[in-house]
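Number of protein chains: 2
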Amino acid sequence: MATSRQELRAEETKRAILGAASELFAERGFDTVTMREIAKVAGCSHTTIYLYFKDKEALLHQLSMAPLQALHAQMEAILGDQAMTPEERLKFLSRIFLHFCLSQKTMYTVFFMTQTSRVDESEPTLEIQKLRNQLFGLLQQAIAGCLPVGLDDAQFLAYARIYFFTLQGIIGTYTVSEEPYERVLERLTPTFDLAMEVLLAGCRETAKTRGV
Amino acid sequence: MATSRQELRAEETKRAILGAASELFAERGFDTVTMREIAKVAGCSHTTIYLYFKDKEALLHQLSMAPLQALHAQMEAILGDQAMTPEERLKFLSRIFLHFCLSQKTMYTVFFMTQTSRVDESEPTLEIQKLRNQLFGLLQQAIAGCLPVGLDDAQFLAYARIYFFTLQGIIGTYTVSEEPYERVLERLTPTFDLAMEVLLAGCRETAKTRGV
DNA sequence: GTCATAATATAACCAATGGTTAGTCGACGT
DNA sequence: ACGTCGACTAACCATTGGTTATATTATGAC
Chain B
1 MATSRQELRA EETKRAILGA ASELFAERGF DTVTMREIAK VAGCSHTTIY LYFKDKEALL
61 HQLSMAPLQA LHAQMEAILG DQAMTPEERL KFLSRIFLHF CLSQKTMYTV FFMTQTSRVD
121 ESEPTLEIQK LRNQLFGLLQ QAIAGCLPVG LDDAQFLAYA RIYFFTLQGI IGTYTVSEEP
181 YERVLERLTP TFDLAMEVLL AGCRETAKTR GV
Chain U
213 MATSRQELRA EETKRAILGA ASELFAERGF DTVTMREIAK VAGCSHTTIY LYFKDKEALL
273 HQLSMAPLQA LHAQMEAILG DQAMTPEERL KFLSRIFLHF CLSQKTMYTV FFMTQTSRVD
333 ESEPTLEIQK LRNQLFGLLQ QAIAGCLPVG LDDAQFLAYA RIYFFTLQGI IGTYTVSEEP
393 YERVLERLTP TFDLAMEVLL AGCRETAKTR GV
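Chains B and U are the protein sequences, given in the same order. Each residue of the first sequence is one higher than the one before, counting from 1 in my numbering. Each residue of the second sequence is one higher than the one before, counting from 213 in my numbering.
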């Protein structure tokens with residue numbers, strides 16, 4: 001750490017930018033926040049941001065990595081907790097995932113607006129894409145643990161998709177809504193929990209009647 | 213119809229604009245299409261569009277009314293068809309609704325991006341808002357017909373919400389995807405049908421264990 | 001036919017957006 | 001002291017949705 005005076009300064013503005021962007025993105029989502037707004041909160045010119053981040057999307061990715069990794073760790077811990085039944089694990093995981101996405105509006109973009117992280121680009125996208133897929137993988141594992149054994153791959157994939165559709169629907173609905181996420185959670189946590197129960201029960205029920 | 217020569221011309225450009233916008237919106241969605249693009253396809257200046265439509269949103273609404281009304285009629289017919297069981301009706305309705313939304317990307321905006329039709333504005337929004345709510349109402353009725361009687365309002369509302377979440381999830385997923393909707397349908401119609409079955413089975417199953 | 005009027009259309013413009021370029025200013029090593 | 005280099009930014013660009021002043025053209029009165 002050769003912290004010369006200018007390096008310190010650079011570090012500080014970078015931190016200020018990340019802090020400002022983090023707050024604004026989490027609160028209002030990716031699209032509605034402008035680079036100039038971030039700059040104003042960070043106390044610099046909007047062009048300065050481009051010194052440290054390739055573009056708005058890169059800023060989003062940089063900001064998302066840490067929270068996503070934390071979420072990943074948390075989810076892995078839950079998935080490995082043998083004190084819970086598979087069903088409890090799935091419900092807990094879903095809940096964590098939902099709360100995480102609802103508390104950070106930018107996550108809707110990260111997870112579901114895939115055009116933000118297209119496959120054609122080179123590297124910077126890849127890391128977050130990988131993490132994203134790992135997270136979906138964990139959810140898939142949790143789902144797998146709750147379904148009867150003997151399902152073929154296609155059937156299992158279909159159930160996993162249906163689960164993801166519902167998650168995306170919830171997150172999409174309340175990411176766009178103006179209601180603060182605390183109130184959404186307060187009002188609708190029982191509904192979200194019920195949704196997970198419904199899905200689980202429905203998957204099991206239909207699996208019964210569709211060949212083991 | 214006092215069709216003077218200028219009225220004819222006006223009518224024609226208006227039709228051209230509607231046609232161009234209709235195609236472009238359906239194919240690529242509301243946000244990604246620009247007024248200048250529409251104008252170019254319609255063969256006029258982008259400012260001309262503002263002669264006939266207040267703004268981009270008004271154009272969207274104008275375009276959406278007819279298809280939505282057609283959908284409404286179709287859905288009402290299905291809902292009133294006593295030759296089907298309630299479950300068949302719900303599944304059919306859901307299918308129709310999904311196919312409709314997937315075939316017209318602009319419908320995602322109309323139905324789910326509620327900021328497009330906020331409550332604060334005066335009139336022009338209201339009509340489409342009303343129609344939208346009617347459509348959701350029909351789906352709700354269909355759901356109600358499939359659930360055990362004796363559910364209290366809150367419980368029923370929760371189930372309806374869960375249903376809508378899944379629909380929005382599906383539509384959101386494939387509205388942003390680049391895959392042409394014909395291929396999506398071909399690939400995933402069975403999954404969509406399964407989703408509706410899962411939801412239905414899950415609702416019934418959980419309703420059993422939660423008081424009547 | 002001629003001329004005023006009104007409808008139709010558009011070019012020029014505006015502010016905001018994400019992003020780039022050329023250049024300023026202060027710190028650092030020599 | 002001085003030249004280089006890093007941090008920063010003002011001025012700029014193209015694109016967006018939208019407005020305004022202006023041109024063009026058809027219509028109707030005389």
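Virtual Cβ for every residue (Gly too), placed ideally from N, Cα, C. Note that this is a predicted model, so its numbers are computed, not measured.
Q. CB Gly29/B to CB Thr175/B, shorter than 8 angstroms?
A. yes
Q.
Rounding to the nearest angstrom, what Cα-Cα distance links Leu93/B and Ala270/U in this structure?
A. 42 angstroms
Q: Would you tell me roughly how many angstroms separate the C-alpha atoms of Leu351/U and Gln168/B, rounded to the nearest one?
A: 20 angstroms
Q. Looking at the C-beta of Ala201/B, does it have a partner C-beta in chain U at a distance below 8 angstroms?
A. Taking Cβ atoms only, chain U reaches closer than 8 angstroms to Ala201/B, which makes this a yes.
Q: Please work out which residues of its chain come closer than 8 angstroms, Cβ to Cβ, to Phe237/U, disregarding the five sequence neighbours upstream and downstream, and give them in chain order.
A: Val245, Leu272, Leu275, Gln316, Lys317 and Thr318
Q: Can you pull the chain B residues whose beta carbon is under 8 angstroms from the beta carbon of Met325/U, in chain order?
A: Val176
Q. Considering only C-alpha positions, which residue in the set Cys256/U, Lys268/U, Ser389/U and Leu291/U is nearest to Phe309/U?
A. Leu291/U
**Q.** Minimum length 4: unbroken alpha helix (DSSP H) runs contained in the region 92-178 of chain B
**A.** Runs of the alpha helix (DSSP H) spanning 4 or more residues and lying entirely within the region 92-178 of chain B occur at 106-112, 124-146 and 153-176, in chain order.
Q: Using a cut-off of 9 angstroms between C-beta atoms, extract the partners of Ile261/U located in chain B.
A: By Cβ distance, chain B contributes nothing, its closest Cβ being about 24 angstroms from Ile261/U, past 9 angstroms.
**Q.** Where the alpha helix (DSSP H) containing Ser45/B begins and where it ends
**A.** Unbroken run through Ser45/B: none, as it is neither H nor E.
(Q) Would the region 155-172 of chain B count as touching the region 367-379 of chain U if we require 3 or more Cβ pairs under 8 angstroms? (A) Because the criterion of three Cβ pairs below 8 angstroms is met, the region 155-172 of chain B and the region 367-379 of chain U touch.
Q. Roughly how many angstroms lie between the CA atoms of Asp267/U and Leu302/U, to the nearest whole one?
A. Roughly 36 angstroms between the two C-alpha positions.
Q) In its own chain, which residues sit with a C-beta less than 7 angstroms from the C-beta of Gln346/U, not counting the 5 before and 5 after it? A) Within the same chain, Gln346/U has close Cβ partners His284.
Q: Answer with buried or exposed for Ala214/U, where buried requires no fewer than 16 other C-beta atoms within 10 angstroms of its C-beta.
A: In this prediction, Ala214/U has a pLDDT of 46, which is less than 50 and means its spatial position is unreliable; what the coordinates show is noted afterwards. It counts as exposed.
Q) With 16 as the cutoff for other CB atoms within 10 Å, does Ala66/B come out buried or exposed? A) exposed
Q. Using the beta-carbon of each residue, which ones in chain U are nearer than 7 angstroms to Ala195/B?
A. Ile374 and Phe377
Q: Decide if Gly202/B is buried, meaning its Cβ has at least 16 other Cβ atoms within 10 Å, or exposed.
A: buried
Q. Candidates Pro180/B, Glu37/B, Val198/B and Leu147/B: which alpha carbon is nearest Arg210/B's?
A. Leu147/B
Q) Given that a residue counts as buried once 16 or more other Cβ atoms are within 10 Å of its Cβ, and exposed if not, what is Glu224/U? A) Flag for Glu224/U reads exposed.
Q.
Quick check on DSSP: helix, strand or coil for Arg422/U?
A. coil
**Q.** Against chain B: residues of the region 295-324 of chain U by CB proximity under 9 angstroms
**A.** Phe324
Q: For the alpha helix (DSSP H) containing Lys56/B, list its first residue and its last residue.
A: For Lys56/B, the enclosing alpha helix (DSSP H) begins and ends at Lys56 to Gly80.
Q) Is the beta carbon of Glu205/B less than 8 angstroms from the beta carbon of Glu417/U? A) yes
Q. Exposed or buried, which one is Ser22/B when buried takes at least 16 other CB atoms within 10 Å?
A. buried
Q: Could you check what DSSP says for Gly19/B in three-state terms: helix, strand or coil?
A: helix
Q) Taking Cβ-Cβ distances shorter than 7 angstroms, what residues in chain U pair up with Val198/B? A) Those within 7 angstroms of Val198/B in chain U are Ile374, Leu411, Gly414, Cys415 and Thr418.
Q) Could you give the C-beta distance for Val149/B and Arg132/B, rounded to a whole number, given that I count them as a contact under 8 angstroms? A) Going by Cβ atoms, the distance from Val149/B to Arg132/B rounds to 28 angstroms, so no, they are not a contact pair.
Q) How many Å lie between Pro298/U and Arg307/U at the Cα? A) 14 angstroms
Q) Roughly how many angstroms separate the alpha carbons of His311/U and Leu8/B, rounded to a whole number? A) 56 angstroms
Q. Straight-line CA distance for Ala70/B to Leu194/B?
A. Straight through space, the alpha carbons of Leu194/B and Ala70/B are spaced by roughly 26 angstroms.
Q | Between the CA atoms of Ser389/U and Arg395/U - distance to the nearest angstrom | A | 11 angstroms
Q. With DSSP run on the structure shown, which of helix, strand or coil describes Val41/B?
A. helix
**Q.** Beta carbon proximity, Thr173/B to chain U, threshold 8 angstroms
**A.** Chain U places a beta carbon closer than 8 angstroms to that of Thr173/B, counting this residue as a contact.
**Q.** Rounded distance between the beta-carbons of Leu411/U and Val198/B, thought under 8 angstroms
**A.** Rounded, the Cβ-Cβ distance is 6 angstroms, consistent with contact.
Q. Hey, Ala144/B and Phe136/B are a contact pair by Cβ (cut 8 angstroms); roughly how many whole angstroms apart?
A. Not confirmed; about 12 angstroms, so no contact.
Q | Alpha-carbon spacing of Tyr264/U relative to Ala228/U, whole angstroms | A | 11 angstroms
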